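Input: a single structure, listed below in C-alpha cells.
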Amino acid sequence: MAQWAKIAQIIHVLPNKPLYPSNFTMQVQSYNNKDITFLEHKVSELMNLRQATHQHQEELNWERQNLETIENPEDIKKSVIVKQHILKLEYDIDQLITRRARCLDSCVSDLQNCQRDYLGSLQEWKYSQHKAVIGFPFDSNLLPLQMWSEQLLGINERLRQEYMLVGTPNPACKLQLENLLHSLIDSSLVVEKQPPQVIKTQSKFSTTVRCLLGEKVMPGKPVVIKAQIVNELQAKNLGNLHSDTVAELINNQSILEKHPGNKTTCATFRNMSVRKIKRADRKGSESVTEEKFAILFSTEITYVGCDTSYQIQMISLPVVITVHGSQDSNALATILWDCAFDRVPFAVPDSVSWREMCQTLNCKFTSEVNTQHNLDKFNQHFLAQKIFDKPDFSGDFSEMMVSWAQFNKEVLPGRSFTFWQWFEGVTELSKKHLRPYWSEGLIFGFIGKHHLHMILAERPNGTFLLRFSDSEIGGITIAYVSACETGGQKVQNIQPFSKKDLEIRSLADRIRDINEILYLYPNVGKDEAFGKFYTGPLVPPSDGYLPATLHTKVGP
Numbered sequence: 001m002a003q004w005a006k007i008a009q010i011i012h013v014l015p016n017k018p019l020y021p022s023n024f025t026m027q028v029q030s031y032n033n034k035d036i037t038f039l040e041h042k043v044s045e046l047m048n049l050r051q052a053t054h055q056h057q058e059e060l061n062w063e064r065q066n067l068e069t070i071e072n073p074e075d076i077k078k079s080v081i082v083k084q085h086i087l088k089l090e091y092d093i094d095q096l097i098t099r100r101a102r103c104l105d106s107c108v109s110d111l112q113n114c115q116r117d118y119l120g121s122l123q124e125w126k127y128s129q130h131k132a133v134i135g136f137p138f139d140s141n142l143l144p145l146q147m148w149s150e151q152l153l154g155i156n157e158r159l160r161q162e163y164m165l166v167g168t169p170n171p172a173c174k175l176q177l178e179n180l181l182h183s184l185i186d187s188s189l190v191v192e193k194q195p196p197q198v199i200k201t202q203s204k205f206s207t208t209v210r211c212l213l214g215e216k217v218m219p220g221k222p223v224v225i226k227a228q229i230v231n232e233l234q235a236k237n238l239g240n241l242h243s244d245t246v247a248e249l250i251n252n253q254s255i256l257e258k259h260p261g262n263k264t265t266c267a268t269f270r271n272m273s274v275r276k277i278k279r280a281d282r283k284g285s286e287s288v289t290e291e292k293f294a295i296l297f298s299t300e301i302t303y304v305g306c307d308t309s310y311q312i313q314m315i316s317l318p319v320v321i322t323v324h325g326s327q328d329s330n331a332l333a334t335i336l337w338d339c340a341f342d343r344v345p346f347a348v349p350d351s352v353s354w355r356e357m358c359q360t361l362n363c364k365f366t367s368e369v370n371t372q373h374n375l376d377k378f379n380q381h382f383l384a385q386k387i388f389d390k391p392d393f394s395g396d397f398s399e400m401m402v403s404w405a406q407f408n409k410e411v412l413p414g415r416s417f418t419f420w421q422w423f424e425g426v427t428e429l430s431k432k433h434l435r436p437y438w439s440e441g442l443i444f445g446f447i448g449k450h451h452l453h454m455i456l457a458e459r460p461n462g463t464f465l466l467r468f469s470d471s472e473i474g475g476i477t478i479a480y481v482s483a484c485e486t487g488g489q490k491v492q493n494i495q496p497f498s499k500k501d502l503e504i505r506s507l508a509d510r511i512r513d514i515n516e517i518l519y520l521y522p523n524v525g526k527d528e529a530f531g532k533f534y535t536g537p538l539v540p541p542s543d544g545y546l547p548a549t550l551h552t553k554v555g556p
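Under full-length UniProt numbering, the first residue of the sequence shown carries the number 1, and numbering increases by one thereafter.
Okay, structure coming up:
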C-alpha cells in the first residue's frame, strides 16, 4: 500500500478549473464596451475639430471679404482690427488642422489596437470551439463579437469619411484604414455550427455559417455561400479558390439570410452529403481514417459603405470521411489527436506528454459521459501504465511522451485492439449505461489487477469493487473477495458485463442478484450504495400471465 501512497503524492492531478473561462461573453462585452466607447469619443472629437475648422474657415473667408470692402482711408483703424482677426483665424485654423491630423492618426492607431483585440477574441472563440470537440468548456454566444465587429466597421467607415475631408491627405493613413477594413471583412464569416468531424459518405449532415457583419450586407443581390471539400494540402493554401475538387458534395450551396428575431445572419446547409471522395496516396501504414479533410466555404459579399465586393473564405475544423461505421472509432482517434494537440491547421505532433494526454482523456470522458466526476489519480496512473506497458512502474509519468502509434496504431500487448479503441469502448459503455454510478463514485473504473489485489487484501469476504475490463472492449466487471477452500482469501473476477448485457438487465439489479457480494469497497453495504437504482417490483400484466424476470447468478 505504501507504493500507492507514493503514487498519490507524485502523480499529476487534473485541474478542476476549466481551460476556458465560463464568463467569456461577459469579458468580451466589458473589454469591448470600454475600448469602443473611448474610441467613439475620440472620433466625435475628430468630427468636432473638422466642424470647428470649417466654421473658422467660413469666418476667415467672411473677414477677407470685409477687408476688401474697406475703401475709406478713415477706416484704417477698422482695417487693422480686421487684419489682426484674419491673422488670428489663420493661426487658429493651422492649429486645428494640426490637431485634427494628429487626432486622425491617433484614432486610426486606436482602431488598429481595438481590432487586434477583437481578432484575438475571435480567435480565442474559434480555439475554444475546437477544444469543445474533446470536452473543454465552450461559450458559443457570438453576439458580443458580432456587435464588436459591426462597431469596428462603423468606426472605420467614419474615419475613411473624415480622411476624405482632410485638406492634406496622408497616404499611409488611408492604406492603414484599407488594410484594417480588409482584415475585418476577411474575418466576418464564422462556422458557427461545425459539421460532424466524422462524416460517412452517403449520409446527410448539416452545418451553419454566420456572418458577423450581417447587418452591414448590401441589400438587393442574394449572397450565396458555396461549400466544397478540401484536402490537407489545399487547406494549407487558402489564398486561391480551388477548382480541383477532391469530393463530390451534394447540396453545397446556401443563401445568407437575416433573422431579425435573434439578430443573426446565417447560411444553413441542412442536407449536405459526400457522394464520392478522392483520397491522396497514403504513406507507409497510414490508414484512411488518418486522412483529414475540411469543408471550405466561399462567397462574394458587398458591405454598405464599401466601394467593392469582397471574396471571403472560411474553413471548417478538420473532418475524417469514412465509408463504414466500423471506421468510426479510429476516425474519432484522429479527430481527438488533432483537436487536442494541433498547433496550426492539420499540423499535429507525432508525440505529446502524458500530462497533456491525460488531461485530454479526462475531458473527453467526462464530456461524453456528461459527468462532473473526473478520473482520479489512480485512474490516471493505471491508464499511463497501460499505454506505456509499464504495469509495475510507480513513478511519475507526467513528462513521458506518448506517440500516435501508442495511442491508436499499435495493439496493446496480448490484445487485438489499441489503447484508444479500448478507452473509447469504456467511454461509450459508461455514457449509455454507467453514468449515474460513475457520477456518484460507485465505480472504481480504471485499475490494474496488481493494485486491485493490494487494496482488497484483508478485506472482509464479500467486499467488491467495479472495474472496467482490461481484456475486452466496453466491459465492466466485479472483483470481490471470497473464501478459499484452504481457509484463506482470494480475489475473484466475474465475467465482464457488456453493453448488450446491461441493456437486458441493469448493473444495479445484477449487483442485487449476486449473493456473493456484500460490501462496496471500502465498506459500504451494497443496498445502501445501489438501492436507489434497483428496479421496482414488476407489475403483473393485464393478460393474466405471471411476470418473469432474469436473474444474475455467479458460478458454473
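Every residue, glycine too, gets a C-beta built ideally from N, C-alpha and C.
The model shown is predicted, which means the values in this text are computed figures rather than measured ones.
Practice task
Take the Cβ of TYR91 as the centre, count every other Cβ of all protein chains shown within 10 Å, and call the residue buried at 16 or more, exposed below.
Solution key: Exposed: under 16 other Cβ atoms inside 10 Å.
Practice task
Reducing DSSP to helix, strand and coil, say where ARG355 ends up.
Solution key: DSSP, read as helix, strand or coil, puts ARG355 in helix.
Problem - Local conformation of VAL491 per DSSP, three classes - result: Assignment of VAL491 by DSSP, reduced to helix, strand and coil, places it in the strand class.
Exercise for the section: Pull up the DSSP beta-bridge partners for GLU300, would you. Expected result: Looking at the DSSP assignment, GLU300 forms a beta bridge with GLN311.
Practice task
Return the chain-ordered ranges of every beta strand (DSSP E) run that is complete within the UniProt domain "SH2" (438-538) and spans a minimum of 3 residues.
Solution key: Entirely contained in the UniProt domain "SH2" (438-538), the beta strand (DSSP E) runs reaching 3 residues are, in chain order, 463-468, 475-483, 489-493.
Problem - Sheet register partners of LYS200 (DSSP bridge) - result: Partner(s): THR322.
Problem - Three-state secondary structure (DSSP) of VAL246 - result: VAL246 sits in coil when the DSSP states are folded into three classes, being neither helix nor strand.
Problem - CA nearest to the CA of ASP307, picked from ILE225, PRO222, PHE205, MET218 - result: Distance check between ASP307 and each of ILE225, PRO222, PHE205, MET218 places MET218 closest, using alpha-carbon atoms only.
Exercise for the section: Take every Cβ of the segment 171-186, pair it with every Cβ of the segment 113-130, and state whether three or more of those distances are shorter than 8 angstroms. Expected result: The segment 171-186 is in contact with the segment 113-130.
Exercise for the section: Just tell me which of VAL491, LEU332, ASP244, TRP422 has its CA closest to the CA of HIS450. Expected result: With distances taken between Cα atoms, HIS450 lies closest to VAL491.
Handout entry: Per DSSP, the bridge partner or partners of LEU145
Key = DSSP lists no partner for LEU145.
Problem - As assigned by DSSP and simplified to three states, the class of CYS306 - result: DSSP, reduced to helix, strand and coil, places CYS306 outside both helices and strands of the structure shown, so it counts as coil.
Handout entry: Endpoints, alpha helix (DSSP H) assigned at HIS381
Key = HIS381: member of the alpha helix (DSSP H) spanning 377-388, first to last residue.
Problem - Cβ distance (whole Å) where PHE446 is taken to contact ASN362 below 8 angstroms - result: Contact doesn't hold; Cβ gap of about 11 angstroms is too wide.
Problem - Residue of ASP392, LYS131, GLU192 minimising C-alpha distance to LEU143 - result: Closest by alpha carbon: GLU192.
Exercise for the section: Measure the beta-carbon distance from ILE301 to PRO195 and round it to whole angstroms, keeping in mind my assumption that it falls under 8 angstroms. Expected result: Not quite, the Cβ-Cβ distance comes to about 22 angstroms (not below 8 angstroms), so this is no contact.
Exercise for the section: Check whether the Cβ atoms of TYR545 and THR463 sit closer than 9 angstroms, and answer yes or no. Expected result: A distance of 9 angstroms or more separates the beta carbons of TYR545 and THR463.
Practice task
Figure out for me which residue from SER471, ILE387, SER394 has the closest Cα to the Cα of SER416.
Solution key: Nearest C-alpha to SER416 among SER471, ILE387, SER394: SER471.
Exercise for the section: Could you spell out the range, first to last residue, of the alpha helix (DSSP H) harbouring GLN253? Expected result: In the DSSP annotation of this structure, GLN253 is not part of any alpha helix (DSSP H); the continuous beta strand (DSSP E) holding it starts and ends at 253-255.
Exercise for the section: Could you tell me if PRO318 is buried or exposed, where buried requires 16 or more neighbouring beta carbons within 10 angstroms of its beta carbon? Expected result: It is buried - the Cβ of PRO318 has at least 16 other Cβ atoms within 10 Å.
Problem - Segments assigned beta strand (DSSP E), at least 3 residues, entirely inside the segment 96-126 - result: With a minimum length of 3 residues, no continuous beta strand (DSSP E) run stays inside the segment 96-126.
Exercise for the section: Report all residues from its chain with a CB closer than 7 angstroms to the CB of SER149; omit the five preceding and five following residues, and keep chain order. Expected result: Correct list, in chain order: TYR118, LEU184, SER188, LEU212, LEU213.
Problem - Closest by C-alpha distance to LEU177, when choosing among LYS216, GLU410, ASP110 - result: Comparing Cα-Cα distances from LEU177 to each of LYS216, GLU410, ASP110, the minimum goes to ASP110.
Exercise for the section: Taking the CB atoms as reference points, tell me whether ARG275 and THR371 lie closer together than 9 angstroms. Expected result: No.
Practice task
Could you pull out every residue in the same chain whose Cβ sits closer than 8 angstroms to the Cβ of LEU39, ignoring the five residues on either side in sequence?
Solution key: Hits under 8 angstroms: CYS107, ASP110, LEU111, CYS114, ILE155.
Exercise for the section: Using beta-carbon positions only, say whether ILE511 and LYS526 come within less than 9 angstroms of one another. Expected result: Yes, the Cβ-Cβ distance between ILE511 and LYS526 is below 9 angstroms.
Handout entry: Assumed close pair LEU153, LYS216 - CB separation to whole angstroms, cut-off 8 angstroms
Key = Right, the Cβ-Cβ distance comes to about 6 angstroms (below 8 angstroms), so this counts as a contact.
Practice task
With distances taken Cα to Cα, identify the nearest neighbour of PRO496 among ILE478, ASP513, SER506.
Solution key: That would be ILE478, whose Cα lies nearest to the Cα of PRO496.
Handout entry: Contacts around MET357, its chain only, beta-carbon distance under 6 angstroms, and the 5 residues preceding and following it disregarded
Key = Within the same chain, and ignoring the five residues on either side of MET357 in sequence, the residues whose Cβ sits closer than 6 angstroms to its Cβ are VAL402.
Exercise for the section: Sort ALA267, LEU238, LYS278, SER254 by Cα distance to ILE248 and report the nearest one. Expected result: Correcting the residue identity first, residue 248 is Glu in this sequence and not Ile. LYS278 is the residue among ALA267, LEU238, LYS278, SER254 whose C-alpha sits nearest the C-alpha of GLU248.
Handout entry: 9 angstroms Cβ cutoff met for VAL224 and THR299
Key = Yes; because the gap between Cβ atoms is below 9 angstroms, this pair is in contact.
Handout entry: Segment limits, beta strand (DSSP E) that includes PHE136
Key = Membership of PHE136 in any beta strand (DSSP E) is not indicated, and neither H nor E is assigned to it by DSSP.
Handout entry: Of the listed residues THR69, SER287, ARG210, nearest to TRP404 (C-alpha basis)
Key = Here the closest residue by C-alpha is SER287.
Practice task
Label TYR534 either buried or exposed according to how many other C-beta atoms from any shown protein chain fall within 10 Å of its C-beta, with 16 as the threshold for buried.
Solution key: With fewer than 16 Cβ atoms within 10 Å of its Cβ, TYR534 is classed as exposed.
Exercise for the section: Give the secondary structure of ASN61 by DSSP, where H, G and I count as helix, E and B as strand, and everything else as coil. Expected result: Helix.
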